[in-house]
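Protein chains in written order, with this note's numbering: chain F, 8 to 713; chain X, 13 to 163.
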């Protein structure tokens, strides 16, 4: 576990408490405060503001980091509000209890929950506002509301009466919101389920979109922070005699995490920072190494596991099996590496604070800021910008705390910007893991037993300790249970802290567990001498949604049909975030390099808000997963992360991108999440394809061929 | 005091001439469309044009830009290639988080200005220096073809 040396930050994090299975942060929050609506604007509820000029503003209470919430969530509101989606304005919501993500218990963007959490809530918000506007019109005209109807931002009534939402907004906002509203039947949807273009594209192709790093406040200075090369280390002493004479330098301050140089421009701050001489107390992690980490994980394997599933007699079934199968899988630490490096802008004053930036956890931001500044939450304004990627990195707000500390110390608005090197060496890394699997086949080649034991550090134990119960971190055990009909099963996990701080990264533990499970089922199929697709299918009789996407992927990929010489296919299957997915990867190997030519994805995610965004996310996940399996590897030596920039931590580039074919099942099931699952599934699909091609079984990521 | 020409306008900046052009554009001139991604010419987020050629502004000192025409994402729409690229990007909804897209568009516009009908291999060559962590590559490729053919 990472120790936060600032007592206020520590105190805040400790105050996290689990209630009824969801997370509640023990800091009082202001209720919705109307988000400082302009005088001529009326708030219908926490999500809808309507101006006298007919401007409809919908608040988006989740962070936009590429996944499309800034489009999808307002679509749900607009659908029921009956406004023209192309004419709405979207603002990001402030922290507020009303905006808490019911699936996560905090105002967090993560876990592919945004649409699932908002699916009913946001439509109700839209419908509620529509009913109030309609009632306001009815009262104005002295008729019954049932004689009026709302459409395209206006209410019409008997005798050709018509009033715009702008004309009705003020009166409507004073009405009591209806307790119950009737939502549209999905057959009546105008926007939901349609492949609409995103509303945020225009700003992003002209350079106008404001990301955290683009924020500018009057009289703002720029900061660069020297942090200990060993995460968790502290400043022992520093000499700033050279740095403070450098051009533009205004302040040099020691804070919890290091020494900050504040200057007129960021480049000046960064150069002066590089001129500091700092002696570090490197702390308890100064000897961490990758070898030590994996040795520790291997040792943790001998500890008793917290049980996730116990069914039948696994040991007996393996012992009496016609053919036993065993394998161990290994995953490395990964860096999030969003393209916008960590940065934050803070203006901390005696009686107020303005905090602006790219964050995924508004509630935590408010709590941490209150703890650091000593201000009351209602004295703190937090504004979320667009995020230049998040992938889970911006749930952890160390960079925000640093900017707040710096601004508090110097009493000036300041923008802290990390370098890429800062970002890569001070991430909260995806946990490394080991998974031991064993199983057995009967004389007919049917699996009779499956045993899985997985060990990794626990992110939840660091961030939300009360959620770890009986040794089980629920965010370590995602997709750990196979859908396959295997009579004897034993599944368990061991939490092992390796010392390096860990964080939630896109698809979280799905990636760890799906790689092991979907590689192992392939190994069992090979041991049984059976086709890996048919083998899986034969074990899915009770799992129609799994079987359906598996069949669809196989069919669309041409499973079983001949391929050009030197190519092979691999298949894999998962459920994550209530989304069912199968992938078939087509690969070749040249000079010990894997080339992925084509990926066929079949997915059943229930109802969709916007198929265009769903497709974007599926494409995104294939690229993200391919980066992980080809390159992703954070290693440690002498306590230091050895990767520093994109030359030694490579991200996938255009020429390596495969052909991606998407097949989405028409479904009326409730919506599943789509921002994350796909990246977890590509690695086993590719590993299985390489095995089919040359018989090499890849059990360690990233994949390196013999 | 140095005088530079950016998006057709002359601007005077009082900055050390060794300062990377990126920070002059972003912090001194306040034009934040050009992004900081790596500071080491590895990701392409900071791509701008000097006399029409794509360069990484994070590794280009201000002194190297003096006397040349600088074009950024804020000005690229004034060129024929830039306008077509932006239109194709919008038509195919290329951006996700959007952070790298200024650089992607600058590289694509330079490609199309030099090579109006690029092949897939040409696109690979011109765009390999621009990282997109969100993985918009399939749509970038399609959008470049669309911009080239007008289809």
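Glycine is no exception: its CB is placed at the ideal position from the N, C-alpha and C atoms.
When the Cα atoms are used, what is the spatial distance from residue i to residue j?
i	j	result
residue 34 of chain F	residue 367 of chain F	At residue 34 of chain F, the pLDDT of 30 sits below 50, so the modelled position is not reliable and the matter cannot be decided from this model.
residue 81 of chain F	residue 90 of chain F	11 Å
residue 185 of chain F	residue 194 of chain F	24 Å
residue 41 of chain F	residue 51 of chain F	Low local confidence applies: a pLDDT of 36 at residue 41 of chain F is under 50, so the model's placement there is unreliable, and no value is given.
residue 152 of chain X	residue 77 of chain F	21 Å
residue 12 of chain F	residue 464 of chain F	Its pLDDT being 37, under 50, residue 12 of chain F is placed unreliably in this model, and the value from its coordinates should be taken loosely. Cα-Cα distance, rounded: 21 Å.
residue 661 of chain F	residue 605 of chain F	14 Å
residue 623 of chain F	residue 656 of chain F	24 Å
residue 155 of chain F	residue 122 of chain F	31 Å
residue 74 of chain X	residue 27 of chain X	8 Å
residue 292 of chain F	residue 200 of chain F	50 Å
residue 233 of chain F	residue 601 of chain F	38 Å
residue 409 of chain F	residue 178 of chain F	45 Å
residue 44 of chain X	residue 38 of chain X	5 Å
residue 562 of chain F	residue 581 of chain F	17 Å
residue 552 of chain F	residue 590 of chain F	14 Å
residue 312 of chain F	residue 456 of chain F	18 Å
residue 161 of chain X	residue 499 of chain F	56 Å
residue 29 of chain X	residue 365 of chain F	31 Å
residue 58 of chain F	residue 169 of chain F	17 Å
residue 229 of chain F	residue 145 of chain F	55 Å
residue 596 of chain F	residue 66 of chain X	33 Å
residue 383 of chain F	residue 107 of chain F	20 Å
residue 129 of chain X	residue 157 of chain X	8 Å
residue 39 of chain F	residue 49 of chain F	Note that residue 39 of chain F scores 32 on pLDDT, short of 50, meaning its location in the model is unreliable; the coordinates nonetheless yield the value given after this. In a straight line, the C-alpha of residue 39 of chain F is about 14 Å away from that of residue 49 of chain F.
Determine, using beta carbons only, whether residue i comes closer than 8 Å to chain X.
i	result
residue 104 of chain F	no
residue 709 of chain F	no
residue 700 of chain F	no
residue 209 of chain F	yes
residue 409 of chain F	no
residue 506 of chain F	no
residue 223 of chain F	yes
residue 525 of chain F	no
residue 630 of chain F	yes
residue 712 of chain F	no
residue 344 of chain F	yes
residue 683 of chain F	no
residue 653 of chain F	yes
residue 351 of chain F	no
residue 5 of chain F	Given a span of 8 to 713 for chain F in the structure shown, any question on residue 5 of chain F remains unanswerable.
residue 641 of chain F	no
residue 395 of chain F	yes
residue 658 of chain F	yes
Answer yes or no: the CB of residue i versus the heavy atoms of the ligand NAP, is any distance below 7 Å?
i	result
residue 395 of chain F	The model on display carries no ligand, and the ligand NAP is accordingly not part of it.
For chain F, find out if any of its Cβ atoms is closer than 8 Å to the Cβ of residue i; answer yes or no.
i	result
residue 130 of chain X	no
residue 90 of chain X	no
residue 55 of chain X	yes
residue 110 of chain X	yes
residue 58 of chain X	no
residue 42 of chain X	yes
residue 29 of chain X	no
Please check the pair residue i and residue j, which I expect to be a contact at CB under 8 Å, by giving their CB distance rounded to whole angstroms.
i	j	result
residue 339 of chain F	residue 708 of chain F	6 Å
residue 522 of chain F	residue 690 of chain F	5 Å
residue 85 of chain F	residue 115 of chain F	About 24 Å separates the two Cβ atoms, so there is no contact after all.
residue 40 of chain X	residue 25 of chain X	5 Å
residue 685 of chain F	residue 632 of chain F	7 Å
Margin query: Is it the case that the segment 241-260 of chain F contacts the segment 282-290 of chain F, given that we only count it when at least three CB pairs across the two stretches are under 8 Å?
Written below: yes
Check: Within the chosen definition, does the segment 106-119 of chain X reach the segment 129-148 of chain X through at least 3 CB pairs nearer than 8 Å?
Finding: yes
Note to self: Contact between the segment 345-363 of chain F and the segment 398-407 of chain F is defined here as three or more beta-carbon pairs at a separation below 8 Å; is this criterion met?
What the structure shows: yes
Notebook entry, point to check: How do the segment 207-220 of chain F and the segment 96-112 of chain X stand: do at least 3 beta-carbon pairs fall below 8 Å, yes or no?
Noted result: yes
Next item on the list: Spell out a yes or no on whether the segment 512-520 of chain F and the segment 554-573 of chain F are touching, meaning 3 or more CB-CB pairs, one atom from each, closer than 8 Å.
Entry: no
Next item on the list: Please determine if the segment 487-507 of chain F and the segment 329-339 of chain F are in contact, where contact requires at least 3 C-beta pairs separated by less than 8 Å.
Entry: no
Next item on the list: At 4 residues or longer, and completely inside the segment 18-103 of chain X: list those alpha helix (DSSP H) runs for me, N to C.
Entry: 74-77, 92-103
Next item on the list: Would you list, in sequence order, the uninterrupted alpha helix (DSSP H) runs of no fewer than 4 residues that lie entirely inside the segment 606-687 of chain F?
Entry: 618-637
Check: Hey, is the segment 625-632 of chain F in contact with the segment 666-681 of chain F, meaning 3+ C-beta pairs nearer than 8 Å?
Finding: yes
Notebook entry, point to check: Taking only runs of the alpha helix (DSSP H) that begin and end inside the segment 101-162 of chain F, which ones reach a length of at least 4 residues, in chain order?
Noted result: 121-148
Check: Mind pulling the alpha helix (DSSP H) runs of 4 or more residues that sit fully within the segment 535-563 of chain F?
Finding: 539-544
Checklist line | Inter-stretch contact at 8 Å, needing at least 3 Cβ pairs: the segment 318-334 of chain F / the segment 379-398 of chain F | finding: no
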